[in-house]
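Colleague: Quick one: this structure, given as C-alpha cells, is what I'll be asking you about.
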Amino acid sequence: AQSVTQLGSHVSVSEGALVLLRCNYSSSVPPYLFWYVQYPNQGLQLLLKYTSAATLVKGINGFEAEFKKSETSFHLTKPSAHMSDAAEYFCAVKKGGTASKLTFGTGTRLQVTL
Amino acid sequence: DAGVIQSPRHEVTEMGQEVTLRCKPISGHNSLFWYRQTMMRGLELLIYFNNNVPIDDSGMPEDRFSAKMPNASFSTLKIQPSEPRDSAVYFCASSLEGAAYEQYFGPGTRLTVT
C-alpha cells in the first residue's frame, strides 16, 4: 500500500525566507507524487506533480520539488516566501499503472510572518 | 472549462434530515471522487467512480451514506439520516483515469448538522 508522511503539521517562515515542506513516501512500486495547496475556504489546487520524467519538478507560484528515490522523499521548496503563500499544503501519492486513487498526507500549515 | 461544480456551497440542516450534495465533474473526465474534510480526521476519501461505476467505497462511514453517478456529468452524495458528527466540508474531485493524471477539486460543500 502507498502512503505519505508529512513532517511538521505547522511551519512558520519569515517573508523572503526559504520554504521547505517535507514529504516522505512509501510505495512498493514506482510512485506518482503530487503536491496540492489549499487556501482558506477553498478546494485543493495542484501545485506540481512527479510522473517519472525529470526528478526536479517545477510548479506554479515559484514552487518546486525534487524526487529522491534513495531517500523516498519529495520535499517542496520555494526560495523566497510571500505572504500569499500562507495556506495548507498536502503531499499525495498514487501507485503506477491505471490507479486513480490518491493517498494524501495529513497536511502542513504554512504561516508566513513579516 | 468551469471546473468541478458543487452545490450547495453551504448546507445547514437538523439532525435526522436527509441531505443531498451534488457534483458536476469536468467534461471529459471519467473518474470522480468524494472526500470529507474535518479538523479531527483531515481529508478522507469516501468513494470513487470510474466510468460511472463505483470502484472503492471502503471510506463510506456507514449505511447512512450513499453515492450515485447516474451519468458522466452528475453525481450525488446522500446522507440519510444526518447526524451532528457528519458536519464537515465535502469535496468532489474529478480526473482522467490513470496514475499520471491529477485530480481537480471543486470548492466544497460546508455541511452543518445541528
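One line per chain: the protein sequences are A and B, in this order.
Counted from 1, the first sequence has number 1129 at position 32 by the numbering used here; the numbering is strictly sequential.
Counted from 1, the second sequence has number 930 at position 70 by the numbering used here; the numbering is strictly sequential.
We put the beta carbon where it would ideally sit given N, CA and C, even for glycine.
Since this is a predicted model, take the numbers as computed values, not measurements.
I need the boundaries of the beta strand (DSSP E) containing A:T1203, first residue and last residue.
Modeller: Unbroken run through A:T1203: none, as it is neither H nor E.
Colleague: In or out: A:H1179 buried (at least 16 other Cβ within 10 Å) or exposed?
Modeller: Per the 10 Å Cβ criterion, exposed.
Colleague: Assess, as a yes-or-no matter, whether the region 882-894 of chain B is touched by the region 1123-1137 of chain A under the definition of 3 or more beta carbon pairs within less than 8 Å.
Modeller: Touching, no.
Colleague: Sort out for me which residues DSSP pairs B:D916 with in a bridge.
Modeller: Note: B:D916 sits in a beta bridge opposite B:Y908.
Colleague: Could you give the uninterrupted runs of the beta strand (DSSP E) lying entirely in the region 1132-1183 of chain A, keeping only those of 3 residues or more?
Modeller: Within the region 1132-1183 of chain A, the complete beta strand (DSSP E) runs of at least 3 residues are 1141-1147, 1153-1155, 1161-1165 and 1170-1175.
Colleague: Looking at A:L1143 and A:F1160, is the spacing between their C-beta atoms short of 7 Å?
Modeller: No, Cβ-Cβ distance for A:F1160 and A:L1143 is not below 7 Å.
Colleague: Straight-line CA distance for B:R901 to A:G1204?
Modeller: Approximately 11 Å, taken between the alpha carbons.
Colleague: Give me the Cα-Cα distance between B:A822 and B:R896, rounded to the nearest whole angstrom.
Modeller: As shown, chain B starts at 861 and ends at 974. That puts residue 822 of chain B outside it, with no answer to give.
Colleague: Count the other CB atoms, across all protein chains shown, that sit within 10 Å of the CB of B:T974; report buried if there are 16 or more and exposed otherwise.
Modeller: Exposed is the call here.
Colleague: Determine the DSSP secondary structure at B:R945, reduced to helix, strand or coil.
Modeller: Looking at B:R945 - three-state DSSP - the assignment turns out to be helix.
Colleague: Strictly under 7 Å for the Cβ-Cβ distance: is A:K1155 near chain B by that measure?
Modeller: No, its Cβ sits nowhere closer than 7 Å to a Cβ of chain B.
Colleague: Does the region 1167-1176 of chain A come within contact of the region 1115-1124 of chain A, defined as at least 3 CB pairs closer than 8 Å?
Modeller: Short answer: they touch.
Colleague: Among B:H889, B:E943 and B:L892, whose alpha-carbon lies nearest the alpha-carbon of B:E922?
Modeller: Taking only the C-alpha atoms, the option nearest B:E922 is B:E943.
Colleague: I'd like to check one pair, A:A1189 with A:F1131: are the Cβ atoms closer than 7 Å?
Modeller: The answer is yes: Cβ separation under 7 Å.
Colleague: Among B:Y961, B:C952 and B:F951, which has the Cα closest to the Cα of A:K1192?
Modeller: If we check each option's Cα against that of A:K1192, B:Y961 comes out closest.
Colleague: Quick one: which residues of the region 948-971 of chain B get their C-beta closer than 7 Å to a C-beta of chain A? List them in chain order.
Modeller: The region 948-971 of chain B vs chain A, Cβ under 7 Å: F951, S955, E957, G958, A959, A960, E962, Q963, F965, G966, P967 and G968.
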